[in-house]
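To keep things clear, I will list the structure first and then write my remarks on it.
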(Lines of atoms letter the chains of each structure in order from A and count residues from 1; the text may use other names and numbers.)
(Lines give C-alpha, C1' and ligand atoms only; values in the text may rest on other atoms or scores of the structure.)
Protein backbone atom coordinates (compact mmCIF):
# COMPACT_ATOMS: atom_id res chain seq x y z
CA UNK A 1 0.00 0.00 0.00
CA UNK A 2 1.59 3.24 -1.14
CA UNK A 3 2.19 6.04 1.35
CA UNK A 4 2.07 8.46 -1.58
CA UNK A 5 -1.71 8.47 -1.18
CA UNK A 6 -1.28 11.18 1.43
CA UNK A 7 0.41 14.50 0.73
CA UNK A 8 0.35 16.91 3.70
CA UNK A 9 -0.39 20.58 3.47
CA UNK A 10 3.03 22.12 2.75
CA UNK A 11 2.92 24.28 5.89
CA UNK A 12 2.02 21.39 8.16
CA UNK A 13 4.98 19.04 7.73
CA UNK A 14 5.50 18.89 11.48
CA UNK A 15 3.75 16.63 13.95
CA UNK A 16 2.85 19.31 16.48
CA UNK A 17 1.73 21.84 13.88
CA UNK A 18 -0.50 19.30 12.15
CA UNK A 19 -1.96 18.00 15.41
CA UNK A 20 -2.71 21.42 16.86
CA UNK A 21 -4.03 22.81 13.58
CA UNK A 22 -6.59 20.05 13.12
CA UNK A 23 -7.35 19.98 16.85
CA UNK A 24 -8.33 23.63 16.97
CA UNK A 25 -9.67 24.35 13.49
CA UNK A 26 -13.39 25.11 13.30
CA UNK A 27 -15.19 22.99 10.73
CA UNK A 28 -18.63 23.01 9.17
CA UNK A 29 -20.55 20.07 7.74
CA UNK A 30 -23.12 21.39 5.27
CA UNK A 31 -23.77 18.00 3.66
CA UNK A 32 -24.41 16.15 6.93
CA UNK A 33 -28.11 15.49 7.60
CA UNK A 34 -29.58 15.89 11.10
CA UNK A 35 -28.48 13.13 13.45
CA UNK A 36 -30.89 10.59 14.87
CA UNK A 37 -30.00 9.90 18.53
CA UNK A 38 -30.06 6.28 19.64
CA UNK A 39 -29.34 4.65 22.97
CA UNK A 40 -27.78 1.20 23.29
CA UNK A 41 -27.85 -0.92 26.44
CA UNK A 42 -24.32 -2.33 26.52
CA UNK A 43 -24.12 -3.76 30.05
CA UNK A 44 -25.89 -3.74 33.39
CA UNK A 45 -26.25 -0.08 34.44
CA UNK A 46 -24.52 1.04 31.26
CA UNK A 47 -25.98 2.75 28.21
CA UNK A 48 -24.24 4.61 25.42
CA UNK A 49 -25.53 7.25 23.05
CA UNK A 50 -24.90 7.22 19.32
CA UNK A 51 -25.67 9.90 16.77
CA UNK A 52 -26.81 8.08 13.66
CA UNK A 53 -27.14 9.10 10.04
CA UNK A 54 -29.41 6.66 8.23
CA UNK A 55 -30.30 6.36 4.60
CA UNK A 56 -34.00 5.84 3.87
CA UNK A 57 -33.51 2.06 3.62
CA UNK A 58 -30.71 1.30 6.09
CA UNK A 59 -30.51 -2.41 5.27
CA UNK A 60 -29.67 -1.58 1.67
CA UNK A 61 -26.50 0.21 2.75
CA UNK A 62 -23.34 -0.73 4.59
CA UNK A 63 -22.82 0.94 7.97
CA UNK A 64 -19.72 2.51 9.51
CA UNK A 65 -19.42 2.77 13.31
CA UNK A 66 -17.12 5.55 14.54
CA UNK A 67 -15.18 5.42 17.84
CA UNK A 68 -13.67 8.65 19.17
CA UNK A 69 -10.48 9.23 21.11
CA UNK A 70 -9.76 10.01 24.77
CA UNK A 71 -12.36 12.44 26.13
CA UNK A 72 -13.79 12.98 22.66
CA UNK A 73 -17.41 12.48 21.63
CA UNK A 74 -19.71 11.76 18.72
CA UNK A 75 -19.66 15.51 18.06
CA UNK A 76 -15.88 15.73 17.60
CA UNK A 77 -14.96 17.30 14.27
CA UNK A 78 -13.33 14.13 12.97
CA UNK A 79 -16.41 12.08 13.87
CA UNK A 80 -18.78 14.44 12.08
CA UNK A 81 -16.35 14.70 9.18
CA UNK A 82 -16.28 10.92 8.89
CA UNK A 83 -20.06 10.75 9.10
CA UNK A 84 -20.44 13.35 6.36
CA UNK A 85 -18.07 11.56 3.99
CA UNK A 86 -19.52 8.14 4.77
CA UNK A 87 -23.09 9.30 4.22
CA UNK A 88 -22.17 10.98 0.94
CA UNK A 89 -20.56 7.71 -0.18
CA UNK A 90 -23.75 5.75 0.47
CA UNK A 91 -22.96 4.42 3.94
CA UNK A 92 -24.99 4.70 7.10
CA UNK A 93 -22.96 6.28 9.90
CA UNK A 94 -23.25 5.49 13.62
CA UNK A 95 -21.04 7.82 15.64
CA UNK A 96 -20.77 6.26 19.07
CA UNK A 97 -20.06 7.98 22.37
CA UNK A 98 -18.03 5.88 24.74
CA UNK A 99 -19.39 5.62 28.28
CA UNK A 100 -19.79 9.03 29.97
CA UNK A 101 -18.62 10.95 26.91
CA UNK A 102 -20.61 13.59 25.09
CA UNK A 103 -22.50 14.60 28.24
CA UNK A 104 -23.74 11.07 29.03
CA UNK A 105 -22.33 10.67 32.54
CA UNK A 106 -25.77 9.80 33.94
CA UNK A 107 -26.28 6.87 31.55
CA UNK A 108 -23.60 4.58 33.00
CA UNK A 109 -22.63 3.86 36.58
CA UNK A 110 -19.02 3.10 35.69
CA UNK A 111 -16.18 4.50 33.60
CA UNK A 112 -14.77 3.59 30.22
CA UNK A 113 -11.25 2.47 29.43
CA UNK A 114 -8.95 2.05 26.45
CA UNK A 115 -9.62 -1.63 25.93
CA UNK A 116 -13.37 -1.73 26.54
CA UNK A 117 -14.42 -3.57 23.39
CA UNK A 118 -17.57 -4.97 25.00
CA UNK A 119 -19.53 -1.80 24.24
CA UNK A 120 -19.07 -1.67 20.46
CA UNK A 121 -19.54 -5.44 20.48
CA UNK A 122 -22.97 -4.98 22.08
CA UNK A 123 -23.81 -2.25 19.57
CA UNK A 124 -22.84 -4.50 16.65
CA UNK A 125 -24.96 -7.31 18.09
CA UNK A 126 -28.01 -5.06 18.28
CA UNK A 127 -27.51 -3.61 14.81
CA UNK A 128 -27.12 -7.04 13.22
CA UNK A 129 -29.75 -8.93 15.21
CA UNK A 130 -32.44 -6.30 15.79
CA UNK A 131 -31.89 -4.01 12.80
CA UNK A 132 -30.62 -6.85 10.60
CA UNK A 133 -27.92 -4.69 9.07
CA UNK A 134 -25.89 -6.95 6.78
CA UNK A 135 -22.54 -5.16 6.47
CA UNK A 136 -20.64 -3.17 9.10
CA UNK A 137 -17.26 -1.49 9.38
CA UNK A 138 -15.69 0.00 12.51
CA UNK A 139 -13.33 2.98 12.50
CA UNK A 140 -11.56 4.32 15.58
CA UNK A 141 -9.29 7.25 16.30
CA UNK A 142 -6.45 7.18 18.85
CA UNK A 143 -7.88 5.48 21.97
CA UNK A 144 -10.87 4.53 19.82
CA UNK A 145 -8.43 2.97 17.38
CA UNK A 146 -7.13 0.74 20.14
CA UNK A 147 -10.71 -0.17 21.03
CA UNK A 148 -11.45 -1.02 17.39
CA UNK A 149 -8.37 -3.24 17.12
CA UNK A 150 -9.11 -4.78 20.49
CA UNK A 151 -12.63 -5.54 19.28
CA UNK A 152 -11.31 -7.31 16.19
CA UNK A 153 -8.77 -9.27 18.24
CA UNK A 154 -11.26 -10.20 20.94
CA UNK A 155 -13.66 -11.52 18.30
CA UNK A 156 -10.87 -13.58 16.74
CA UNK A 157 -12.17 -16.66 14.89
CA UNK A 158 -15.70 -15.83 16.09
CA UNK A 159 -15.88 -12.56 14.15
CA UNK A 160 -19.48 -12.12 12.98
CA UNK A 161 -19.84 -12.27 9.19
CA UNK A 162 -21.48 -8.84 9.19
CA UNK A 163 -18.26 -7.19 10.41
CA UNK A 164 -16.37 -6.63 7.17
CA UNK A 165 -13.71 -4.02 7.95
CA UNK A 166 -11.83 -2.28 10.77
CA UNK A 167 -9.80 0.93 10.45
CA UNK A 168 -7.62 2.45 13.18
CA UNK A 169 -6.26 5.99 12.80
CA UNK A 170 -3.29 6.86 15.04
CA UNK A 171 -4.16 3.97 17.38
CA UNK A 172 -2.64 3.65 20.84
CA UNK A 173 -1.95 -0.07 20.35
CA UNK A 174 0.75 -0.21 23.04
CA UNK A 175 -0.80 1.90 25.79
CA UNK A 176 2.27 1.90 28.02
CA UNK A 177 4.52 3.08 25.21
CA UNK A 178 2.07 5.82 24.24
CA UNK A 179 1.68 7.08 27.81
CA UNK A 180 5.48 7.25 28.13
CA UNK A 181 5.58 9.36 24.96
CA UNK A 182 2.77 11.57 26.26
CA UNK A 183 4.85 12.33 29.37
CA UNK A 184 7.62 13.99 27.37
CA UNK A 185 8.01 17.71 28.03
CA UNK A 186 7.30 18.44 24.37
CA UNK A 187 3.84 16.93 24.83
CA UNK A 188 2.89 18.92 27.93
CA UNK A 189 0.04 20.75 26.18
CA UNK A 190 -1.64 17.49 25.15
CA UNK A 191 -1.35 15.88 28.56
CA UNK A 192 -2.55 19.04 30.28
CA UNK A 193 -5.63 19.08 28.05
CA UNK A 194 -6.38 15.39 28.59
CA UNK A 195 -6.01 15.67 32.37
CA UNK A 196 -8.14 18.80 32.54
CA UNK A 197 -10.94 17.04 30.64
CA UNK A 198 -10.63 13.84 32.66
CA UNK A 199 -10.91 15.74 35.93
CA UNK A 200 -13.87 17.77 34.70
CA UNK A 201 -15.62 14.60 33.62
CA UNK A 202 -15.09 12.97 37.02
CA UNK A 203 -16.67 15.97 38.71
CA UNK A 204 -19.68 15.69 36.39
CA UNK A 205 -19.73 11.97 37.12
CA UNK A 206 -19.90 12.70 40.84
CA UNK A 207 -22.90 14.96 40.27
CA UNK A 208 -24.68 12.22 38.33
CA UNK A 209 -23.70 9.41 40.74
CA UNK A 210 -23.10 11.03 44.16
CA UNK A 211 -20.70 9.08 46.36
CA UNK A 212 -19.91 6.48 43.70
CA UNK A 213 -16.29 7.63 43.40
CA UNK A 214 -13.83 9.00 45.95
CA UNK A 215 -12.76 12.31 44.43
CA UNK A 216 -10.43 13.13 47.32
CA UNK A 217 -7.21 12.65 45.33
CA UNK A 218 -8.57 14.16 42.11
CA UNK A 219 -7.11 17.64 42.60
CA UNK A 220 -3.62 16.18 42.97
CA UNK A 221 -3.73 14.42 39.59
CA UNK A 222 -1.26 15.95 37.12
CA UNK A 223 -0.78 13.21 34.51
CA UNK A 224 -2.85 10.66 32.62
CA UNK A 225 -0.86 7.91 34.34
CA UNK A 226 -1.80 9.27 37.77
CA UNK A 227 -5.46 9.42 36.75
CA UNK A 228 -5.37 5.84 35.52
CA UNK A 229 -3.56 4.70 38.68
CA UNK A 230 -6.16 6.29 40.96
CA UNK A 231 -9.38 5.86 38.97
CA UNK A 232 -9.35 3.83 35.74
CA UNK A 233 -7.29 0.85 36.90
CA UNK A 234 -8.94 0.14 40.28
CA UNK A 235 -12.45 0.72 38.94
CA UNK A 236 -11.99 -1.93 36.25
CA UNK A 237 -10.15 -4.46 38.39
CA UNK A 238 -6.62 -3.86 37.12
CA UNK A 239 -3.79 -4.09 39.65
CA UNK A 240 -2.39 -0.68 38.74
CA UNK A 241 -1.87 1.59 35.74
CA UNK A 242 0.88 -0.58 34.25
CA UNK A 243 -1.29 -3.68 34.53
CA UNK A 244 -4.12 -1.78 32.84
CA UNK A 245 -1.90 -0.61 30.00
CA UNK A 246 -0.58 -4.11 29.40
CA UNK A 247 -3.90 -5.94 29.55
CA UNK A 248 -5.96 -3.37 27.63
CA UNK A 249 -3.51 -2.88 24.75
CA UNK A 250 -4.75 -4.25 21.44
CA UNK A 251 -1.19 -5.39 20.72
CA UNK A 252 -1.85 -8.35 23.04
CA UNK A 253 -4.59 -9.73 20.76
CA UNK A 254 -3.50 -8.40 17.37
CA UNK A 255 -2.54 -11.90 16.23
CA UNK A 256 -6.19 -12.94 16.61
CA UNK A 257 -7.59 -10.39 14.15
CA UNK A 258 -9.52 -12.14 11.37
CA UNK A 259 -11.25 -9.21 9.64
CA UNK A 260 -9.72 -6.96 6.95
CA UNK A 261 -8.01 -4.24 8.98
CA UNK A 262 -6.19 -1.04 8.09
CA UNK A 263 -3.90 0.78 10.51
CA UNK A 264 -2.92 4.35 9.59
CA UNK A 265 -0.41 6.38 11.59
CA UNK A 266 2.30 8.98 11.08
CA UNK A 267 5.99 8.91 11.90
CA UNK A 268 5.69 12.45 13.28
CA UNK A 269 2.80 11.63 15.63
CA UNK A 270 3.77 13.36 18.92
CA UNK A 271 2.66 10.55 21.23
CA UNK A 272 1.93 7.41 19.19
CA UNK A 273 5.41 5.98 18.51
CA UNK A 274 5.62 4.25 15.12
CA UNK A 275 7.75 1.42 16.50
CA UNK A 276 4.63 -0.19 17.99
CA UNK A 277 3.62 -1.12 14.44
CA UNK A 278 6.88 -3.03 13.94
CA UNK A 279 5.72 -5.79 16.27
CA UNK A 280 6.18 -9.19 14.56
CA UNK A 281 2.57 -10.15 15.33
CA UNK A 282 1.35 -7.19 13.27
CA UNK A 283 3.55 -8.00 10.29
CA UNK A 284 2.66 -11.69 10.41
CA UNK A 285 -1.11 -11.18 10.31
CA UNK A 286 -2.33 -11.36 6.69
CA UNK A 287 -5.57 -9.60 7.59
CA UNK A 288 -3.79 -6.38 8.62
CA UNK A 289 -2.40 -3.64 6.39
CA UNK A 290 -0.28 -0.92 7.97
CA UNK A 291 0.13 2.49 6.36
CA UNK A 292 2.71 4.60 8.18
CA UNK A 293 3.15 8.00 6.55
CA UNK A 294 6.05 10.43 7.10
CA UNK A 295 3.65 13.21 8.11
CA UNK A 296 0.17 13.51 9.55
CA UNK A 297 0.56 14.27 13.25
CA UNK A 298 -1.90 12.71 15.67
CA UNK A 299 -5.23 12.12 13.92
CA UNK A 300 -4.44 15.13 11.75
CA UNK A 301 -3.87 14.26 8.11
CA UNK A 302 -4.90 17.57 6.63
CA UNK A 303 -3.93 17.75 2.97
CA UNK A 304 -5.37 21.14 2.07
CA UNK A 305 -8.77 21.76 0.54
CA UNK A 306 -9.37 21.30 -3.18
CA UNK A 307 -12.60 21.48 -5.20
CA UNK A 308 -14.91 18.77 -3.89
CA UNK A 309 -12.60 17.78 -1.03
CA UNK A 310 -12.24 19.49 2.34
CA UNK A 311 -8.68 18.23 2.82
CA UNK A 312 -9.24 15.74 5.65
CA UNK A 313 -7.53 12.74 4.14
CA UNK A 314 -7.92 10.18 6.96
CA UNK A 315 -11.70 10.43 6.83
CA UNK A 316 -11.61 9.80 3.09
CA UNK A 317 -9.20 6.88 3.59
CA UNK A 318 -11.58 5.25 6.08
CA UNK A 319 -14.50 5.53 3.69
CA UNK A 320 -12.41 4.19 0.82
CA UNK A 321 -11.42 1.11 2.83
CA UNK A 322 -14.96 0.59 4.12
CA UNK A 323 -16.43 0.74 0.63
CA UNK A 324 -13.82 -1.72 -0.58
CA UNK A 325 -14.74 -4.32 2.02
CA UNK A 326 -18.31 -3.47 3.08
CA UNK A 327 -20.31 -3.86 -0.07
CA UNK A 328 -23.75 -2.25 -0.03
CA UNK A 329 -26.68 -4.60 -0.30
CA UNK A 330 -29.03 -4.11 -3.21
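In the numbering used here, the protein residues as written are 327 to 656. Using N, Cα and C, we set each Cβ at its ideal position, and we do this for glycine too.
For the set 358, 591, 624, 589, the Cα lying nearest the Cα of residue 414 is the one of 358. Taking each of 396, 630, 625, 599 in turn and checking the Cα distance to residue 507, the smallest one comes out for 599.
By alpha-carbon distance to residue 495, the top candidate from 400, 455, 591 is 591. Scanning the segment 337–396 from its first residue to its last, the whole beta strand (DSSP E) runs of 3-plus residues come out as 362–369, 372–379, 389–393.
The Cβ atoms of residue 345 and residue 620 do not sit closer than 7 Å to each other. DSSP places residue 413 in the helix class (H, G or I) of the three-state scheme.
In this structure, residue 420 lies away from residue 450, with their beta-carbon atoms at least 7 Å apart.
Take the alpha-carbon of residue 627 and the one of residue 578: they are about 27 Å apart. Its Cα nearest to that of residue 523, the residue 398 stands out among 644, 513, 398, 641. Residue 649 carries a helical assignment under DSSP once its states are collapsed to helix, strand and coil. Bounds of the beta strand (DSSP E) holding residue 591 are 587–592. Residue pairing of residue 635 in beta bridges, as defined by DSSP: 632. Around residue 504, the same chain offers 498, 597, 598, 599, 602 as residues with beta carbons nearer than 8 Å, after the five sequence neighbours per side are excluded. Your pair residue 479 and residue 580 checks out as a contact, with CB atoms roughly 6 Å apart and the cut at 8 Å. Cβ-Cβ separation between residue 434 and residue 425: approximately 4 Å, consistent with a contact (criterion under 8 Å). The segment 413–457 is shown to contain whole alpha helix (DSSP H) runs of 4 or more residues at 444–455, in chain order. Sequence-distant partners of residue 569 (beyond 5 residues in either direction) whose C-beta falls short of 7 Å from its own C-beta, in its chain, are 559.
For residue 407, the secondary structure class from DSSP, reduced to helix, strand or coil, is helix.
Residue state for residue 583 is assigned as coil, using DSSP reduced to three classes.
Residue 549 is bridged by DSSP to nothing; it lacks a bridge partner.
The beta-carbon distance between residue 557 and residue 396, rounded to whole angstroms, is 13 Å. This is too long to meet the 8 Å contact definition. Annotated three-state conformation of residue 401 is coil, per DSSP.
CA-to-CA, the gap between residue 527 and residue 636 works out to about 32 Å.
In terms of Cα proximity to residue 582, the closest of 368, 465, 549, 482 is 482. Using a 10 angstroms sphere on the CB of residue 389, the tally of other CB atoms reaches 16 or more, which defines it as buried. In the DSSP assignment, residue 467 falls within the unbroken beta strand (DSSP E) covering 462–467.
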